[in-house]
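See below for the structure under consideration.
Residue numbers (the numbering used here): 5 to 375.
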């Protein structure tokens, strides 16, 4: 490969893999130094220099000027085993000060003597040997680049394509890599079609032994929050603030909102004209119910709102330190306040951070009489 073709190949790799040109050159220089030692000279005191502009490759042997030759040392561990301590500078690369000054008068300890030793056919011999090492370095750099790219995507929503499926997971094409969407993280009863576009919440990004691991979810409460942010412009621009989200995937979500502009109705803006805005969110949630809750700094008002669709609850804060509250409702609203298998009151408790006990006035009266 001539120098011009070499530089072109590097530029193609850099552009295709989106990694630093310096990383590619450094990997190649390391690989070519290894190839030289293997094919021409087993000594360790060589370095390879690649001109970043022309692609010209040169090999240099070098000697480091030392006051005395360091051959290493040895010590023993607690069990008496001998441990060899290698020299700080490779033995091949050391030259005594007096010998160095015969070659370069006035040279000092710590300076180096270099000599070009590039073989005539080095490019041909080295190319094949270096390829495997270079590709390994490129793969490592590519993994790091992808992890860095997706690190700030954690807790965000992304759109990908359903690319593969196995017994436990779907694999979602996110561009430069694929994310893992466990089937356990799907909304209950939803069907996923291969090749279809899908919205996913990035729950975790980490570096794995074979590359970045990007875990995805559609069950996470953050998925609902990001859906509202993407569908409701007033939330995206800060006119409406989200104060909390509680979710029972497939059943019901509660999202607390408040307007920062008194002219804007937070709940009305989220619903949209004739329900147009909330409809697209509900469709994405596979029919999961969504309660829009008016946030209030007054905990009694907030808890009352959070018990929706139950109405007319009377809320008493029993212990503000332990965050315990009693909600009294009429008989007609009792089942609505508690919800199926207690789901509504559990979500209201999760949303408001209060332990809420729901009772009817008759139940409270009976308990008072029994005391």
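A virtual CB, placed ideally from N, CA and C, is assigned to each residue, including glycine.
DSSP places residue 198 outside any beta strand (DSSP E), giving it a letter other than H or E.
Residue 206 places its beta carbon less than 8 Å from that of residue 162. Around the beta-carbon of residue 118, fewer than 16 other beta-carbon atoms lie within 10 Å, marking it exposed.
At a cut-off of 3 residues, the continuous stretches assigned as beta strand (DSSP E) that sit fully inside the segment 157 to 191 are 161 to 169, 173 to 177, 182 to 186.
Excluding the 5 residues flanking it on each side, residue 105 has same chain C-beta neighbours closer than 8 Å at 111, in chain order. When C-beta atoms of the segment 174 to 184 are compared with those of the segment 267 to 277, fewer than three pairs fall below 8 Å, so the two segments do not count as touching. Within its own chain, the residues whose Cβ lies closer than 7 Å to the Cβ of residue 166, once the five positions on either side in sequence are excluded, are 174, 176, 196, 197, 198, 199, 200, 202, listed in chain order.
In the pairwise beta carbon analysis, the segment 281 to 300 is classified as not touching the segment 322 to 339: fewer than three pairs are separated by under 8 Å.
Nearest to residue 171 by alpha-carbon distance, out of 211, 187, 158, is 187.
With contacts defined by Cβ atoms closer than 8 Å, residue 259 and residue 318 do not form a contacting pair.
Across the set 255, 240, 219, 232, the C-alpha of 255 shows the shortest separation from the C-alpha of residue 194. Closest option to residue 355, judged by alpha-carbon separation, among 24, 78, 89, 310: 310. Here residue 70 is not near residue 23, since their CB atoms are 8 Å or more apart. In the DSSP secondary-structure assignment, residue 145 is not bridged to any residue.
No Cβ-Cβ contact shorter than 8 Å links residue 37 with residue 18. Fewer than three beta-carbon pairs drawn from the segment 262 to 271 and the segment 208 to 221 are found closer than 8 Å, and the two stretches are therefore not classed as touching. Residue 216 carries a strand assignment under DSSP once its states are collapsed to helix, strand and coil. In this structure, the beta-carbon distance from residue 341 to residue 329 does not fall below 8 Å.
Residue range 347 to 356 is occupied by the alpha helix (DSSP H) that includes residue 348. In this structure, residue 41 and residue 28 do not form a Cβ contact; the two beta carbons are roughly 21 Å apart against a cut-off of 8 Å. Check the Cα spacing between residue 228 and each of 265, 238, 282, 153: the tightest is with 282. Around the beta carbon of residue 208, fewer than 16 other beta carbons lie within 10 angstroms, which makes this residue exposed. With a threshold of 16 other beta carbon atoms within 10 Å, residue 337 meets it and is buried. A residue is called buried when at least 16 other Cβ atoms come within 10 angstroms of its Cβ; residue 107 does not meet this threshold and is exposed. At the C-beta level, residue 63 and residue 8 stay beyond 8 Å of one another. Rounded to the nearest whole angstrom, the C-alpha separation of residue 370 and residue 362 is 14 Å.
With fewer than 16 other beta carbons inside 10 angstroms of its own, residue 124 counts as exposed.
Taking every protein chain shown into account, the CB of residue 168 has fewer than 16 other CB atoms within 10 angstroms, so this residue is exposed. For residue 45, no pairing in a beta bridge is given by DSSP. Under the three-state reduction of DSSP output, residue 105 falls in the helix class. Among the bridge pairs identified by DSSP, residue 51 is matched with 64. Close CB contacts of residue 252 within its chain, under the 7 Å cut and outside five residues either way in sequence, are with 347, 351 (chain order). C-alpha of residue 74 to C-alpha of residue 159: approximately 54 Å in a straight line.
Beta-bridge pairing by DSSP links residue 79 to 87. The closest CA to that of residue 47, considering only 81, 87, 97, 84, is found on 97.
Using a 10 angstroms sphere on the CB of residue 280, the tally of other CB atoms stays under 16, which defines it as exposed.
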